[in-house]
Amino acid sequence: MSGHIHTHSHAGAPGESHQGRIAVALGITLVVFVFQVVGSILTGSLALLFDSAHVLTDAGGLAMALLAARLMVRPATSKRTWGFARAEVLAATAQAAILLAVGLIVLVEGVQRLFNPTEIASNEMIVFGAIGLLGNVVSMFVLMGGRSKNFNMRAAFLEVVNDALGSVAVIVAAIVISTTGWMQADAVVAMLIGVLILPRTVKLLLETISVLLESTPSGLDLDDVRRHIMGLEHVLGVHDLHASQIATGLPILSAHVVVDDSCFHDGHVPQMLDALQSCVASHFEVSIEHSTFQLETASHAEHELGAHH
Numbered sequence: 077m078s079g080h081i082h083t084h085s086h087a088g089a090p091g092e093s094h095q096g097r098i099a100v101a102l103g104i105t106l107v108v109f110v111f112q113v114v115g116s117i118l119t120g121s122l123a124l125l126f127d128s129a130h131v132l133t134d135a136g137g138l139a140m141a142l143l144a145a146r147l148m149v150r151p152a153t154s155k156r157t158w159g160f161a162r163a164e165v166l167a168a169t170a171q172a173a174i175l176l177a178v179g180l181i182v183l184v185e186g187v188q189r190l191f192n193p194t195e196i197a198s199n200e201m202i203v204f205g206a207i208g209l210l211g212n213v214v215s216m217f218v219l220m221g222g223r224s225k226n227f228n229m230r231a232a233f234l235e236v237v238n239d240a241l242g243s244v245a246v247i248v249a250a251i252v253i254s255t256t257g258w259m260q261a262d263a264v265v266a267m268l269i270g271v272l273i274l275p276r277t278v279k280l281l282l283e284t285i286s287v288l289l290e291s292t293p294s295g296l297d298l299d300d301v302r303r304h305i306m307g308l309e310h311v312l313g314v315h316d317l318h319a320s321q322i323a324t325g326l327p328i329l330s331a332h333v334v335v336d337d338s339c340f341h342d343g344h345v346p347q348m349l350d351a352l353q354s355c356v357a358s359h360f361e362v363s364i365e366h367s368t369f370q371l372e373t374a375s376h377a378e379h380e381l382g383a384h385h
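Going by the working numbering, the first residue of the sequence shown is number 77, and it counts up by one from there.
Here's what the structure looks like:
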């Protein structure tokens, strides 16, 4: 005899989507892009040109983030039982991958410009760099309140921080060129833009890929979970223990739990459910409110398909 016990919250989405914040940041980013493209043409600056490319890439990333934010709040259906909760993970993965590619391109092009510097209109470069920085700072403040809420918002905030760093670097390069005449400063700054953003981009990319690969949520030790469950009264064994993460703030867990035969005869199963639910929801760093347990007698293993682990 076995019982399938499900415990879960009924929320349609795993948190706020912050659509308004992302939409405002996207609008500002597009305006900054137009100004910086004009600026790169007028000044001939590689740093400003690549900062413009960053801004365009980031605008695309913010557009993806906005689309994901809209999808996240759609309710679950019989066809998509988790709704579009994972849209934020997919969008963040795409943004991180694009940022990584742009950063690497900047490094390569910057090295080439070191050996072949060109004339830069440094005064105009300062003006356009300042315009970009102002827009980036405003966008950062808009997104700051929600930057830790989910992968999507983290990626969006990272896009804007990337732009702000680029704008600061452009201004610094322009000042160096204006005061010393060292044109290679433009290439050095272009490479710095790439180097500064790569570590966080790689970290975000690895985290989102981990979610897509159905890895155990960070901070959750399944061996520890198994030990806690085994320590409960009437529990004889645990197998097919799985944990993964649908989206930010939505970890899930399932397990087959072997219990005393008497639990199915004396009406003790509800108490076992309460104990199991409380165990995974409160004992660990990652609180799991959505859990599925299959309670089994010891003899059920003889009739179950698939390998146990």
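Glycine is no exception: its CB is placed at the ideal position from the N, C-alpha and C atoms. Please read these numbers as outputs of a predicted model, since none were measured by experiment.
- In this structure the segment 356-370 touches the segment 313-328; the number of beta carbon pairs closer than 8 Å is three or more.
- Across the set T277, Q347, V333, H304, the C-alpha of T277 shows the shortest separation from the C-alpha of A172.
- H315 sits in a strand when the DSSP states are folded into three classes.
- Of all C-beta pairs linking the segment 280-294 to the segment 159-174, three or more are shorter than 8 Å, placing the two stretches in contact.
- The three-state reading of DSSP puts F369 in strand, counting E and B together.
- By the neighbour-count criterion, in which 16 or more other beta carbons inside 10 Å mark a residue as buried, P293 falls on the buried side.
- Residue burial annotation: E164 is buried, with at least 16 other C-beta atoms found within 10 angstroms of its C-beta.
- Burial state of S154 is exposed, judged by a 10 Å Cβ sphere holding fewer than 16 other Cβ atoms.
- A Cβ-Cβ contact shorter than 8 Å links L371 with V333.
- Between the segment 299-310 and the segment 262-279 there are fewer than three inter-stretch CB-CB distances shorter than 8 Å, so the stretches are not counted as touching.
- Across the structure, W158 and H359 are spaced so that their CA atoms are roughly 25 Å apart.
- Excluding sequence positions up to five before and after L183, its CB lies within less than 6 Å of the CB of M267, G270, all in the same chain and listed in chain order.
- Burial is judged here by how many other beta carbons sit within 10 angstroms of a residue's own beta carbon; Q112 has at least 16 and is buried.
- In summary, A374 is exposed, with fewer than 16 beta-carbon neighbours lying within 10 Å of its beta-carbon over all protein chains present.
- Under DSSP, P327 takes part in a beta bridge, and its partners are Q321.
- Minimum Cα-Cα distance from V203 among the listed residues L298, H310, A245, G343 corresponds to A245.
- Within a 10 Å sphere around the beta-carbon of H94 sit 16 or more other beta-carbons, which makes this residue buried.
- Look at the beta carbons and you see the segment 186-194 not touching the segment 238-253: under three pairs across the two are nearer than 8 Å.
- Excluding sequence positions up to five before and after H310, its CB lies within less than 8 Å of the CB of V335, D336, S338, C339, H344, M348, all in the same chain and listed in chain order.
- Here L282 is exposed, its C-beta having fewer than 16 other C-beta atoms within 10 Å.
- Restricting attention to A231, A161, L308, V356, the CA atom closest to the CA of L298 is found in V356.
- Separation of the CB atoms of D239 and D350 is rounded to 50 Å, and the pair is thereby denied contact status at 8 Å.
- Look at V362 here: in three-state DSSP terms it is coil, with no helix or strand label.
- Comparing C-alpha distances from D262 to each of G103, T119, V100 shows the shortest one belongs to T119.
- Out of V108, A145, V114, the CA that lies nearest to the CA of G96 is found in A145.
- Distances from the alpha-carbon of L125 to those of S215, F227, G208 put G208 closest.
- Per DSSP, reduced to three states, the secondary structure at V149 is coil, with no helix or strand assignment.
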